[in-house]
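Read through the structure below, which is laid out as structure tokens, and then see the notes.
In this note's numbering, the protein residues as written are 1 to 96.
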């Protein structure tokens with residue numbers, strides 16, 4: 001691995017689950033652009049630093065903030081992949 005933290009070889013591969021794709025279609029376009037830029041850039045580069053682990057009903061997921069929106073994701077370290085499972089406003093993101 002490279003010493004350069006922005007080296008694409010160090011970045012996690014990003015997958016977006018179907019429910020998260022639907023979430024993106026419902027968001028305002030300016031939010032969609034900001035979220036996609038965040039996911040493909042800083043979050044893919046270091047998901048552990050930019051997200052926090054969740055508990056209880058969301059055990060196994062992490063949450064990352066982008067303004068008033070939350071990105072719920074699963075980090076698969078062995079495969080160097082993050083799976084985006086939900087994107088929603090913070091008032092609704094943690095409802096089951």
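Here a beta-carbon is modelled for each residue, glycine too, at the ideal position from N, C-alpha and C. Note that the structure is predicted; figures quoted are calculated from it, not measured.
In this structure, the beta-carbon distance from residue 44 to residue 74 does not fall below 9 Å. Taken through DSSP and simplified to helix, strand or coil, residue 15 comes out as strand.
Burial check for residue 64: the Cβ neighbour count within 10 Å reaches 16 or more, so the residue is buried. For residue 68, the three-state secondary structure derived from DSSP is coil. Between the beta-carbon of residue 34 and that of residue 70 there is about 13 Å, and that puts the pair past the 8 Å contact cut. Secondary structure note for residue 53: its beta strand (DSSP E) is the uninterrupted segment 51-53.
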